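Notes follow once the structure below has been shown.
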Amino acid sequence: MIIKTKAQKNRETFDKLADRYDRIYRAYLRHTHQKMVNKVSLKKEDKILDVSAGTGILAESILSKYGPFKRLVLNDPSKGMLEHAKYRLRYHKEVEYTSDFSEDLSFRDDEFTKIICLNSFRYYTDHPAVLSHFRRMLKSGGDLYILSWNRTGFFRFLNWIITVVSDQEMNTRTLDEMKGMLTEAGFTIQDSEEWRFRWWKFFFVKCS
Ligand SMILES: C[S@@+](CC[C@H](N)C(=O)[O-])C[C@H]1O[C@@H](n2cnc3c(N)ncnc32)[C@H](O)[C@@H]1O
Numbered sequence: 135m136i137i138k139t140k141a142q143k144n145r146e147t148f149d150k151l152a153d154r155y156d157r158i159y160r161a162y163l164r165h166t167h168q169k170m171v172n173k174v175s176l177k178k179e180d181k182i183l184d185v186s187a188g189t190g191i192l193a194e195s196i197l198s199k200y201g202p203f204k205r206l207v208l209n210d211p212s213k214g215m216l217e218h219a220k221y222r223l224r225y226h227k228e229v230e231y232t233s234d235f236s237e238d239l240s241f242r243d244d245e246f247t248k249i250i251c252l253n254s255f256r257y258y259t260d261h262p263a264v265l266s267h268f269r270r271m272l273k274s275g276g277d278l279y280i281l282s283w284n285r286t287g288f289f290r291f292l293n294w295i296i297t298v299v300s301d302q303e304m305n306t307r308t309l310d311e312m313k314g315m316l317t318e319a320g321f322t323i324q325d326s327e328e329w330r331f332r333w334w335k336f337f338f339v340k341c342s
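Mapping to my numbering: the sequence shown position 17 is 151, numbers consecutive.
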């Protein structure tokens, strides 16, 4: 199946990148993680899913700023990335780890009060399927936070170059496209922002 093949290819890319990821993208990661940490509103009684958790940098920051939580699950199909997360969070024995593709999430309905998707939405091969999982897994009144690249202006071209050079499968959206998909999936937009950092363009959306 083509969708599966693309997702598996991305997983292999991140498995190979895992040992160098934090070091290579240090400034980019500092910027995007700080942005997300300042945007989320989390409480100790939250059940949180970090859906493409990577090396666990965000989890470490939110645990130190808002935690501990009733539940914190770090999901990522790349076992290589998750190995780093497990080491980073080795003193947080309560943290759970899973390795689903976002197109095929196996959690139950209403299982989370917060879902966070940072720097990852562009890698998903079937956006409507992912959003429909987010919707069913999010408890009524819960929040979904997404921060990703914004395929607008000159960055459309740059995004294309990065895709070719890195040989990654990317499905980058504009903020307006993202809002349209979220509304179609039944979410209500609570907050959104778009901005530029160095040569990247980003969007952030909070919805419930
Ligand atoms: C750029 S990294 C971001 C990781 C982390 N959120 C961060 O900001 O450092 C993208 C992550 O998305 C994950 N990913 C790629 N395709 C995915 C998919 N189909 N479903 C879930 N996660 C996926 C990768 O394994 C990788 O860890």
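Where a beta carbon is used, it is the ideal one built from N, C-alpha and C, also for glycine.
All of these numbers come straight from a predicted model, not from anything done at the bench.
When C-alpha distances from D210 are compared across N253, K169, F331, the shortest belongs to N253. For G188, the Cβ falls inside the 6 Å cut-off from some heavy atom of ligand 1.
A check of alpha carbon separations from L176 across S186, L192, H165 identifies L192 as the nearest. Judged by their CB atoms, K273 and T232 are not nearer to each other than the 7 Å cut-off. The segment 208-269 is shown to contain whole alpha helix (DSSP H) runs of 4 or more residues at 213-222, in chain order.
Around the Cβ of K140, a 10 Å sphere holds 16 or more other Cβ atoms; the residue is buried. The alpha-carbon of P202 is positioned some 18 Å away from that of M170. A distance of 7 Å or more separates the beta carbons of M304 and H261.
A straight line joining the alpha-carbon of G214 with that of R285 spans about 28 Å. For secondary structure counted as the beta strand (DSSP E) over 3 or more consecutive residues, the segment 143-204 holds these complete runs in sequence order: 181-184. The alpha carbon of D234 has as its nearest neighbour, out of K220, H218, V207, K227, the alpha carbon of V207. Taking a C-beta distance under 7 Å as the contact criterion, L265 and F338 do not qualify as a contact pair. Short note on Y258: C-beta closer than 6 Å to some heavy atom of ligand 1. Of all alpha-carbon atoms in W334, D310, K335, the one lying nearest the alpha-carbon of D325 is that of D310. Distance from the Cα of S342 is smallest, within the candidate group F289, I249, E194, D180, for I249. Uninterrupted beta strand (DSSP E) stretches at least 3 residues long and entirely within the segment 272-325 occur at 272-283, given in chain order.
Restricting attention to S195, D277, N293, K181, the CA atom closest to the CA of T166 is found in S195. The continuous stretches of beta strand (DSSP E) do not include W333, and DSSP gives it neither H nor E.
In this structure, the alpha-carbon of E327 lies about 29 Å from that of R145. By the criterion of a C-beta distance shorter than 6 Å, S186 is surrounded in its chain by D210, S254, once the five residues flanking it on both sides are discounted.
In this structure, the C-beta of M215 approaches ligand 1 to less than 6 Å from one of its heavy atoms. Under the 10 Å beta carbon count, A219 is surrounded by 16 or more other beta carbons and is classified as buried.
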